[in-house]
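Structure first, then comments.
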Amino acid sequence: MTWRFIDWIWHVRGSLPLAPEQSNDQAFDRLAPLFDQAGTSHDRNGDTLTFRKKDPAAQDKMSVFDSGVLRIDKGTAGPMLRYHLVSRALLFCFLAPLLFVAIAQLTVVLGTFQKPSTEATDAKKAAAKAAYMPLNPIDKALGAPAPEKPRKDDGGGRGHDKKPSPTSAYVFAAIFAALYVGGRVLEDRLVRTLFKRRLQG
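Residue 22 is where the sequence shown starts when you use the working numbering, and the numbers rise one by one after that.
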C-alpha cells in the first residue's frame, strides 16, 4: 500500500483553472497576501510556490495547514493551479477518536476485573444487613440500648464499588470524529473558494 491511499486523511489536493491570459507571476502575486502572514515562510520558483507555517496567527485563513505546494501547469485545456496542502490538525482529529475508543475498551476490560470484588462487597453488605436485628419490645421496655445500624459505607461503600464507565470516552471519540469529518470537508471547500477569489481578483 502506498502513502497515497491513506495520506488523503491529512493532505488536501485540488486544482483550479486560470484565465488564459493570466501569467504565473500574476497568479502568484494575487495569492501572495495569503502567505505574507506571521509565522509563514514561502518561496517562489518559476511555476511553483512552496510554503511552511510555524505558530500561525489565529486570524490566518490558512492556519490549519502546516505546509504545501502550489504549482501552475500549462495543460491542453489551459493553465491550471494545482495545490497540495498538509494539515497535522486534521491528522490529530482523525487519530483522536481511535485513541478514545481504545480508552473505552480498556475501561470495559478493567470493569470486568473489578466485578468479582464488587460481588464480594455486595455479599458483605447483605451479611451486615442480615446481622442487624431490631430491638425486642421487652428489651426496649427494660431500657436496653438499641443495636447500632450498619453504616452505609460498610463493606466498601457505594463509591468504592462503582464500575468505571466508558461513556465519556465514547462521547469524546464521537466529538473528534465529527470535528474531523466536518473539518476535512469544510477546509477543502474553504481553501478552494479562497484561492478562487484571490485569482479572480
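Glycine is no exception: its CB is placed at the ideal position from the N, C-alpha and C atoms.
This structure is a prediction, so every number in the text was calculated from the model and none was measured.
Annotation for glycine 204: the continuous alpha helix (DSSP H) segment containing it runs 188-220. When secondary structure is reduced to three states using DSSP, leucine 39 falls in the coil class, being assigned neither helix nor strand. Distance between methionine 83 and valine 212, taken at the CA atoms: about 7 Å. DSSP places aspartate 57 in the coil class of the three-state scheme, outside both helix and strand.
Residues of the same chain with a CB within less than 6 Å of the CB of phenylalanine 115, apart from the 5 flanking positions on each side, are Ile30, Tyr201 in chain order. Per DSSP, threonine 71 is one residue of the beta strand (DSSP E) stretching across 69-74.
Per DSSP, the beta-bridge partners of asparagine 66 are Thr69. One thing to note: leucine 112 has its Cβ no nearer than 9 Å to the Cβ of valine 90. Annotation: lysine 82 is outside any beta strand (DSSP E) and is labelled neither H nor E by DSSP. Contact between the stretch 30-40 and the stretch 71-80 is absent: fewer than three C-beta pairs spanning the two stretches fall below 8 Å. In the displayed model, aspartate 28 falls within a helix according to three-state DSSP. DSSP places serine 108 in no beta strand (DSSP E); its state is neither H nor E. The residues Phe56, Leu70, Thr71, Phe72, in chain order, have a CB closer than 7 Å to that of histidine 63 in the same chain once the five nearest residues on each side in sequence are set aside.
The C-alpha of proline 187 is placed about 42 Å away from the C-alpha of alanine 59. A direct Cα-Cα distance of roughly 7 Å separates asparagine 45 from isoleucine 93.
Under the three-state reduction of DSSP, aspartate 94 is assigned to strand. Annotated three-state conformation of proline 100 is strand, per DSSP.
Apart from the 5 residues on each side of it in sequence, arginine 51 sits with its Cβ closer than 7 Å to the Cβ of Arg219, Leu220, Gly222 in its chain, given in chain order. Per DSSP, arginine 51 has no beta-bridge partner at all.
For the pair valine 129 and aspartate 87, the Cα-to-Cα distance works out to about 37 Å.
Distances from the CA of arginine 65 to each of Ala98, Pro54, Phe49 were compared; the closest alpha carbon is that of Phe49.
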